[in-house]
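Trainee:
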Amino acid sequence: MTASAAHSILPSLSPDEERHSRAAQALIRERLVAPGGWLSFEQFMELALYAPGFGYYSAGSVKIGAGGDFVTAPEVSDLFSRCVARQCADVLAETGGEILELGAGTGRMAATILQSLATLGVLPERYAILEVSADLAERQRTRIQQLPAELRDRVVWLGRLPETPIRGVLLANEVLDALPFKRFAVYDGSVRELGVGLQDDSFVWREKPSGLPADASAPQHRASDALVAAGNALMKELPFALPDGYTSEICLRVEPWITSVSQCLDQGMLLLFDYGLPRAHYYHPQRIDGTLRCYFKQRAHDDPFTNIAVQDITAWVDFTRVGEAALNADLEVAGFATQAAFLLGTGIEALTAEATDVADRARLAGEARRLLLPGEMGESFKVMALCRNLRQPLRGFAHQDLRTSL
Ligand SMILES: C[S@@+](CC[C@H](N)C(=O)[O-])C[C@H]1O[C@@H](n2cnc3c(N)ncnc32)[C@H](O)[C@@H]1O
């Protein structure tokens, strides 16, 4: 996800956005009053992004692309998806079967991958999409409709993960960063959960009051101290002490998400792309305010209590947590690299050079720079391959192996 990092004044809301945001705020206020005036940030984020009819991903704003709130790699350039397709082609040649994309955004990556695989002569039996946003699913349908029948007829939308494990490839670009996470602060060497309270009718950060009952309304019904346990385990593991007031995030949904997705894979590869870091870098003492970011009309900022339900909320991914969850789910961490290394390994340079027209080549070179340069998406974005019963080495990871950093 990219957008300007300038904390300049955010564009004002349109009357429709204002109405939508006010309705979502009223819903969250109602939910806040019930459990003693406090919601975990995870619950707040779940409502702000996914509340049926109200959440950012459930309602109809443009979100992704130049006219939306942020731009993702498949929207920056089709070179990205063409490289991903090359990696998919290798795996499909061994496994046969299908591709399942989780959170397919505008459908652009799905369309480009299918076109590329047709050219490479390795089409999947079907291309399934699991999308939680009805609005984005609609955009995907419109996009896929533009493909030739031979390709569009392979695309299906699923309401839930398949019950019978598949052979082939599972893809998720920038989905992990969209999973609701918890927020914490460190005081006197231990972790305290930060959630959301109300002050003068506005949402504010508030420490979890002591004696609040377990987080029974959270989807996993997990014990209320799960965050504190995870935070304290983290503090023990890190090679340095975190200073007082240090604030960051932990996404406890990574493990159940990886577990359920892994259960769908009989043979093949789950390929994850996201901005993130290995744990020791993520929770570095200098990253004193964590990685929470909001995206609104191509501006990035760090206030989740403004523009509620009309802006995206995300955090970077702790890839060590993803790797641990994968091992617990019996998946092999077969590769971990920067986006730049992955794209170079899958031939982005050759694809760029293929353009015969000078203007096309110049455009592609510009797009490739955006995907590859360290100051753009090349280094902060990582790629992780989680495999099961796959024999072949993966070309996307031939240039770089960052697994020891996890
Ligand atoms: C930041 S967007 C990325 C979209 C697209 N992959 C791209 O790169 O343009 C996050 C996507 O994840 C989807 N999503 C969020 N939670 C999900 C979940 N639990 N399972 C599947 N998709 C999810 C959202 O609806 C959205 O399509």
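Be aware that the sequence shown starts at -5, since it is given in this note's numbering, and climbs by one per residue.
In this text, a Cβ means the ideal position worked out from N, Cα and C, and glycines have one as well.
In the DSSP output, what is Glu243 paired with across the bridge?
Mentor: Arg177
Trainee: Hey, quick one: how far does the alpha helix (DSSP H) through Thr113 stretch, first residue to last?
Mentor: 102 to 114
Trainee: How many angstroms separate the CA atom of Gly61 from the CA atom of Ala104?
Mentor: 20 Å
Trainee: Whole angstroms is fine: what's the gap from Thr346's alpha carbon to Gln261's?
Mentor: 32 Å
Trainee: Taking 6 Å as the cut-off, does the CB of Val377 come closer than this to any heavy atom belonging to ligand 1?
Mentor: no
Trainee: So, are the CB atoms of Trp32 and Gly162 less than 7 Å apart?
Mentor: no
Trainee: Where do the ends of the alpha helix (DSSP H) carrying Thr308 lie?
Mentor: Counting along the chain, Thr308 falls outside any alpha helix (DSSP H), though it belongs to the beta strand (DSSP E) covering 306 to 308.
Trainee: Anyone know if the C-beta pair for Ile419 and Leu7 falls short of 7 Å?
Mentor: No answer is possible for residue 419: it lies beyond the span of the chain, which begins at -5 and ends at 400.
Trainee: Would a C-beta distance cut-off of 7 Å place Arg102 and Pro68 closer than the cut-off?
Mentor: yes
Trainee: Mapping DSSP to helix, strand and coil, what is Tyr269?
Mentor: strand
Trainee: Excluding the five sequence neighbours on either side, which residues of its own chain have a C-beta within less than 8 Å of the C-beta of Val248, listed in chain order?
Mentor: Leu170, Leu173, Val311, Asp312, Arg315, Val316, Ala319
Trainee: Counting only the same chain and skipping the five closest in sequence on each side, list residues whose C-beta sits under 7 Å from that of Gln305.
Mentor: Tyr50, Asp63, Cys288, Tyr289, Phe290
Trainee: Below 8 Å on the Cβ atoms is my contact criterion, and I expect Leu165 with Val78 to pass it. Report the Cβ-Cβ distance as a whole number of Å.
Mentor: Cβ-Cβ separation between Leu165 and Val78: approximately 7 Å, consistent with a contact (criterion under 8 Å).
Trainee: Kindly identify the DSSP beta-bridge partner or partners of Glu201.
Mentor: Note: Glu201 sits in a beta bridge opposite Leu188.
Trainee: Of all the beta strand (DSSP E) runs that stay within the bounds of the segment 123 to 176, which reach a length of 3 or more residues?
Mentor: 149 to 152, 160 to 167
Trainee: Could you tell me the alpha carbon to alpha carbon distance between Gly241 and Val180, rounded to whole angstroms?
Mentor: Per the sequence presented here, residue 241 reads as Thr, with Gly not at that position. When rounded, the distance between both Cα atoms is 7 Å.
Trainee: With 16 as the cutoff for other CB atoms within 10 Å, does Asp72 come out buried or exposed?
Mentor: buried
Trainee: In chain order, what residues of the same chain have a beta carbon less than 6 Å from the beta carbon of Ser211, not counting five sequence neighbours either side?
Mentor: Note that Ser211 has pLDDT 46, beneath the 50 cutoff, so the model's placement of it is unreliable and no number is given.
Trainee: Report the rounded CA-to-CA distance for Ile282 versus Leu366, giving the unit in angstroms.
Mentor: 27 Å
Trainee: When you compare the CB positions of Gly339 and Gly270, do they come within less than 7 Å of one another, or not?
Mentor: no
Trainee: Taking just the CA atoms, how far does Ile302 sit from Phe35?
Mentor: 13 Å
Trainee: Which ranges would you report for the beta strand (DSSP E) in the segment 278 to 355 if only whole runs of at least 3 residues count?
Mentor: The DSSP assignment places complete beta strand (DSSP E) segments of no fewer than 3 residues inside the segment 278 to 355 at 287 to 290, 293 to 295, 306 to 308, 326 to 332, in order along the chain.
Trainee: In whole angstroms, what separates the C-alpha of Arg363 from that of Thr253?
Mentor: 35 Å
Trainee: Pull up the CB-CB distance for Leu124 and Leu155, whole angstroms please, since I reckon it's below 8 Å.
Mentor: 7 Å
Trainee: Specify the secondary structure class of Met39 as computed by DSSP and reduced to three states.
Mentor: helix
Trainee: Within a Cβ cutoff of 7 Å, which residues of the same chain sit near Ala17, ignoring the five residues on either side of it in sequence?
Mentor: Phe48
Trainee: What do you get for Ile307, buried or exposed, if any count of 16 or more other CB atoms within 10 angstroms of its CB means buried?
Mentor: Under the 10 Å beta carbon count, Ile307 is surrounded by 16 or more other beta carbons and is classified as buried.
Trainee: For ligand 1, is there a heavy atom less than 6 Å away from the beta-carbon of Ile58?
Mentor: Distances taken from the Cβ of Ile58 to the heavy atoms of ligand 1 include one shorter than 6 Å.
Trainee: So Phe299 packs on Ser196, CB below 8 Å; how close in whole Å?
Mentor: 7 Å
Trainee: What residue range does the alpha helix (DSSP H) around Phe74 cover?
Mentor: That run of the alpha helix (DSSP H) goes 72 to 89.
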